[in-house]
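Q:
In the working numbering, the protein residues as written are 249 to 477.
Now the structure itself:
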């Protein structure tokens, strides 16, 4: 019961922590995608400014002028068969779209100055890969089972330390007087059940479902046999 209460509190707290740490929106996600694509094509040092032969201090008119020159350089008609040039050309319009939107440009400048996050938030990856309901359910169940298994082992070792501490104190009190307590303590430690992997929900729930189905089937067959008799 204590574990369930603690886990329920953790689950309720996670969304709040996620919101406090991540504040990305669709524009940020677009910037992340474009930046990842640019780096994969050109290299780790590539930026939206460098690919357009521009600088962060350039005005939008200066960047637009550079964009026209660069787009001609990478135009497919001048680079037939060059797959890299074609990919860069496709990115240029999207990158220019970021610069034309002052809010989007400010966001990009912020990430460029402070570093792009390695973890972009669960919302970003969910929107990008769009896992199905079954996949999401399995991932959540695996995570819950992992936390549950780690928690019950923590509780087990906590109780074990408490029993051993009590054993040490009481042994000093009854030393050379009686062996009864030592025997009782030994039974208490032996009765402390170790957590089993089959107790986690990822395994216990399917087993319970199978047991319920097979149990209902056996009960139905037993009732049918009684009717036949």
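By construction, the Cβ of each residue, glycine as well, lies at the ideal position given by its N, Cα and C atoms. Because the structure is a prediction, the values reported are computed rather than measured.
Just checking, does the stretch 336-345 make contact with the stretch 313-327 on the three C-beta pairs under 8 Å criterion?
A: Touching, per the Cβ criterion.
Q: Tell me where the alpha helix (DSSP H) around residue 352 begins and ends.
A: What you label residue 352 is simply residue 104 of the chain shown in a count that begins at 1. Its alpha helix (DSSP H) spans residues 350-362.
Q: Does DSSP classify residue 250 as helix, strand or coil?
A: As a first step, residue 250 is located in the chain shown; it is residue number 2 there, counting from the start. Residue placement at residue 250 is flagged as unreliable, the pLDDT there being 47, under the threshold of 50; a coordinate-derived value is accordingly withheld.
Q: So, is residue 330 buried or exposed, given that buried needs 16 or more other C-beta atoms within 10 angstroms?
A: On the chain shown, position 82 is the one that residue 330 refers to. Exposed is the call here.
Q: If you draw a straight line from the C-alpha of residue 430 to the C-alpha of residue 462, how long is it?
A: The sequence position of residue 430 within the chain shown is 182, counting from 1. The sequence position of residue 462 within the chain shown is 214, counting from 1. Reliability fails at residue 430, whose pLDDT of 48 lies under 50, so the model's placement of it is uncertain and no value is given.
Q: First and last residue of the alpha helix (DSSP H) that includes residue 312?
A: Counting from 1 along the chain shown, the entry for residue 312 is found at position 64. Note, residue 312: alpha helix (DSSP H), 308-321.
Q: Name the residue from 281, 460, 450, 454 whose alpha carbon lies nearest to the alpha carbon of residue 359.
A: Sequence index remark: in the chain shown, residue 359 carries index 111 (1-based). For the residues 281, 460, 450, 454, the minimum Cα distance to residue 359 belongs to 281.
Q: Using only CA atoms, which one of 353, 348, 402 lies nearest to residue 309?
A: Locating residue 309 in the chain shown gives position 61, counting from the first residue. Minimum Cα distance to residue 309 is reached at 348.
Q: Please report the residue range of the alpha helix (DSSP H) in which residue 289 lies.
A: Here residue 289 refers to the residue found at position 41 of the chain shown. Start and end: 274-289.
Q: With distances taken between CB atoms, is the gap from residue 285 to residue 340 smaller than 8 Å?
A: Taking the first residue of the chain shown as 1, we reach residue 285 at position 37. Taking the first residue of the chain shown as 1, we reach residue 340 at position 92. Not closer than 8 Å, so no.
Q: Identify whether residue 459 lies in helix, strand or coil by the three-state DSSP scheme.
A: Stepping through the chain shown from its first residue, residue 459 is reached at position 211. Reduced to three states, the DSSP call for residue 459 is helix.
Q: Grouping DSSP H, G and I as helix and E and B as strand, with all else coil, what is residue 452?
A: Reading the chain shown from its first residue, position 204 is the one you call residue 452. Three-state result, residue 452: helix.
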